[in-house]
Amino acid sequence: MRELKATKINTADFAPFGTFCSMTKPEGYPLQGEIHKFYPDRISGNCIGSMGFSPIAVHKDERIIKAAEYHTTTWEGIVALDDDMIIHVAPASAGTPVPELTRAFIVPKGTMVKINAAIWHLCPLPLNNEVLHAMIILPECTYANDCTVVDFEEKDWFRITI
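All letters in the sequence shown, in the order written, are residues 1 to 162 by full-length UniProt numbering.
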């Protein structure tokens, strides 16, 4: 089985798949008052209709990736809440999976990633904890009306290592 080493997320390597920003240690100039600093619009995305904010709990396993999904019309946001997370992404490919082009990234706790529309991915994985709690941000009901999940052939399965 092919092994894919996860690397620390960085702007240059993640740019083809989306963007990211630390929500606990944001960079740049804030708008501030006596008791607050506000960092506006560090990540933005278009949405028609209502947004859904959906908690997810993912149990630690052997990190063998057997499938991936994509959304044709929308981006997806993921925020790691209580652990660093591992995400895997592959380029848009007109509905035919390209597991051989997958990249894996380690994303620090408190960081939000925005995965562009049509990018292959699946749920985030815990780096350290037995269970990762994260927030998934999508237009409401995307999981029901714009989510294509494809199971890989066994020859295309891969294990993410750190």
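C-beta atoms are modelled at their ideal positions from N, C-alpha and C, and glycine is treated no differently.
Residue i (DSSP reduced to helix, strand or coil)
i	result
residue 31	strand
residue 3	strand
residue 152	coil
residue 62	coil
residue 40	coil
residue 57	strand
residue 158	strand
residue 96	coil
residue 142	helix
Among the options, the one whose alpha carbon lies nearest that of residue i
i	options	result
residue 46	56, 29, 77	77
residue 112	150, 154, 124	124
residue 44	4, 140, 57, 75	75
residue 29	22, 38, 23	38
residue 106	119, 88, 131	88
residue 130	117, 4, 59	59
residue 25	33, 128, 109	109
residue 63	141, 155, 145, 86	86
Residue i burial status per 10 Å Cβ neighbour count (16 or more: buried)
i	result
residue 138	buried
residue 13	exposed
residue 95	exposed
residue 104	buried
residue 65	buried
residue 116	buried
Extent of the continuous beta strand (DSSP E) to which residue i belongs
i	result
residue 134	131-139
residue 68	67-70
residue 48	Note, residue 48: premise wrong, no beta strand (DSSP E); not H, not E.
Per DSSP, cross-strand counterpart(s) of residue i
i	result
residue 23	In DSSP, residue 23 forms no bridge with anything.
residue 126	85
residue 120	90
residue 8	106
residue 111	22
Start-to-end residues for the alpha helix (DSSP H) that takes in residue i
i	result
residue 14	11-14
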